[in-house]
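Here is the structure we will look at, set down as structure tokens.
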Amino acid sequence: MATEAHAEGATGYIIHHLTPLQVGEGFWTLHLDTLFFSAALGGLFIWFFKTAAEKATADVPGLVQSFAEMLIEFVDQQVKDSFHGRSKLIAPLALTIFCWIFLWNFMDLFPVDILPLVGSLMGIEYLRVVPSTDLNATFAMSISVFCLIIFYSIKIKGPWGFAKELMFQPFGPWLLPFNLLLKLVEEIAKPISLALRLFGNLYAGELIFILIALLPWYLQPVLSFPWAIFHILIITLQAFIFMVLTIVYLSMAHEDH
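Pasting the structure below:
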């Protein structure tokens, strides 16, 4: 709120909204708000598709069934276009990643003061409601994908085949140290780029909403509505990019040279 912002100062207002609710110290610090909203939104995703499956009918589908089928067909088409292996995991994984990240990002469209105000009434001092503005959350998602990449690379190519790919490509056995360095950089760059791209875009979007909230009340609707419309495109695109890159990376892991 403008009154709160003037009372705290603009810098204090911004810091307050971007500070997570955390416990512990150092490596063992837990961001409770990120964990809570991630679990709640994951539960919402499961409940929605479970409800759609239970109410599915061969007759004229309802709105919930139609929307669920549209999402499934959309993701399935992306998998067919980008994934060249055989796996029962990839399509459900892609659907989960797209929907979960979209729901994470969608929290950015709530007015920035509403949920923190509810939290303050419950005695919670800090509450950051957008999980994708927490680097821990985006890295957790990308590292999970990275572990699947390594797992399938070893499963499909075998331990020795995966080792040969690391050591002998792209320049042959005579440049083994250089090959190994390039492949390690290439593999490590995958989770880092996935995490930082999602975090950077959503952190910037949240910051813009906070800056709009600092403006006089009569300017806020004029600026917040157009930015919210544009932001819907951004959050959908970020979820789509994360999903497609996951499919592509796992497809590469399934290629047996």
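Numbering of the sequence shown is given in the numbering used here, commencing with residue -3 and proceeding in unit increments. The C-beta atom is built at its ideal place from N, Cα and C for all residues, glycine as well. This one's a predicted model, so the numbers in the text were calculated from it and none came from an experiment.
- The three-state secondary structure of residue 18, taken from DSSP, is strand.
- Spanning the alpha carbons of residue 31 and residue 99 requires a straight line of approximately 14 Å.
- Excluding five sequence positions before and after residue 97, the CB atoms of its chain that fall closer than 8 Å to its own CB belong to 128, 137, 194, 234, 235, 238 and 239, given in chain order.
- Boundaries for residue 24: no alpha helix (DSSP H) harbours it, and the DSSP string shows neither H nor E there.
- Going by beta carbons, residue 6 and residue 145 fall outside the 9 Å limit.
- With fewer than 16 other Cβ atoms from the protein chains shown falling within 10 Å of its own Cβ, residue 181 counts as exposed.
- With fewer than 16 neighbouring CB atoms inside 10 Å of its own CB, residue 73 falls in the exposed class.
- Put simply, the backbone Cα of residue 81 is about 7 Å away from that of residue 251.
- DSSP places residue 193 in the helix class (H, G or I) of the three-state scheme.
- Nearest to residue 24 by C-alpha distance, out of 157, 132, 163 and 168, is 132.
- Where residue 83 is concerned, there is no enclosing alpha helix (DSSP H), because DSSP gives it neither an H nor an E.
- Taking the CA atoms as reference points, residue 225 sits about 22 Å from residue 14.
- Remark: C-beta atoms of residue 186 and residue 142 approach each other more closely than 9 Å.
- As the crow flies, the alpha-carbon of residue 18 is around 12 Å from that of residue 130.
- Only buried fits residue 149, as 16 or more other CB atoms lie within 10 angstroms of its CB.
- By the neighbour-count criterion, in which a residue is buried when 16 or more other Cβ atoms sit within 10 angstroms of its Cβ, residue 245 is buried.
- DSSP places residue 156 in the uninterrupted alpha helix (DSSP H) bounded by 131 to 164.
- Contact check for residue 79 and residue 247: beta-carbon distance about 4 Å, within the 8 Å limit, so the pair qualifies.
- Per DSSP, the continuous alpha helix (DSSP H) segment holding residue 227 begins and ends at 216 to 249.
- Taking every protein chain shown into account, the CB of residue 168 has fewer than 16 other CB atoms within 10 angstroms, so this residue is exposed.
- 9 Å or more divides the Cβ of residue 242 from the Cβ of residue 191.
- Residue 231 sits close to residue 105, with the two beta carbons spaced by under 9 Å.
- Under the 10 Å beta carbon count, residue 63 is surrounded by fewer than 16 other beta carbons and is classified as exposed.
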